[in-house]
Each structure stands twice: as structure tokens, then as C-alpha cells.
Amino acid sequence: MPETNLSRSHRKERVGEVISDKMTKTIVVRVERRFPHTRFKKVVTRYRKLYAHDEKEEAQVGDRVRIEETRPLSKLKSWRLVEVVERGTPAEPVAPVTV
3 MPETNLSRSH RKERVGEVIS DKMTKTIVVR VERRFPHTRF KKVVTRYRKL
53 YAHDEKEEAQ VGDRVRIEET RPLSKLKSWR LVEVVERGTP AEPVAPVTV
């Protein structure tokens with residue numbers, strides 16, 4: 003029974019910032035997760051690097067992107083790019099100060 007509706011609503015989706023696009027058809031996305039500490043109730047921020055498949059190589063460093071969980075595509079890559087939410091500018095590296 004092939005299903006004609008290609009709904010993928012039960013997959014996890016995350017929004018994050020592209021921190022690397024140097025690999026072919028692969029981007030590295032930093033996803034932020036904020037939650038209250040279980041004991042002290044202070045809001046804690048954790049980051050996670052996820053490798054995502056970018057077939058058309060449209061995402062660039064600094065962009066905010068939406069990624070979706072998929073089957074494992076390689077050893078590290080099990081997410082795929084859904085859309086570029088917002089174009090951004092990458093942060094410039096700070097030059098060392100010489101005295």
C-alpha cells in the first residue's frame with residue numbers, strides 16, 4: 003500500500019546557526035538548547051554541533067537554518083537541511099593585540 007501523502011511530520015526539527023560549510027554537501031550547525039537547572043532553577047544554555055546534508059550547497063556560515071532528522075547518511079551525518087530561515091553575516095575573527 004504505497005502512501006501518496008509524503009508527510010514527514012513526526013521527524014525532529016531544530017533551528018540553528020551554520021558554523022562551517024567547508025565540506026562538500028555537508029554543513030555543521032550549532033543548535034542552542036535552554037532549560038532550567040534541575041536543582042538551582044537557573045536557566046542553562048547548552049550547545050550541540052550537528053552535521054547536516056546540504057544537497058544544493060545553499061547554506062553559508064552565519065545563516066540560521068532549519069534541519070530535520072533523517073536516516074544516517076554517514077558516520078556523523080543524520081540530519082538534512084530543510085530551509086535557510088535567515089541569511090546572516092559570519093563573525094570576523096579578532097586580530098591579536100600586539101603591544
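Residue numbering for the sequence shown follows the working numbering, beginning at 3 and increasing consecutively. Ideal Cβ placement from N, Cα and C applies to all residues, glycine included. No experiment lies behind these values; they were computed from the predicted model shown.
Based on DSSP bridge pairs, tell me the residues matched to Arg82. Partner(s): His55, Glu70.
Taking contact to mean at least 3 C-beta pairs separated by less than 8 Å, is the stretch 52–70 in contact with the stretch 19–32? Note that the stretch 52–70 touches the stretch 19–32; at least 3 beta-carbon pairs, one per stretch, sit closer than 8 Å.
First through last residue of the beta strand (DSSP E) which encompasses Ser76: No beta strand (DSSP E) holds Ser76; DSSP gives it neither H nor E.
Please name the residue, chosen from Arg68, Pro74, Arg73, that lies closest to Arg89 on a Cα-to-Cα basis. When each option's Cα is compared against that of Arg89, the closest is Arg68.
Quick check on the burial criterion: 16 or more other C-beta atoms within 10 angstroms. Buried or exposed for Leu78? Around the C-beta of Leu78, fewer than 16 other C-beta atoms lie within 10 Å, and the residue is accordingly described as exposed.
Got a sec? Which residues, its chain only, sit under 8 Å from Val84 by beta carbon, not counting five neighbours each side? For Val84, where only same-chain residues beyond five positions count, the Cβ hits under 8 Å are Glu15, Val67, Arg68, Ile69, Glu70.
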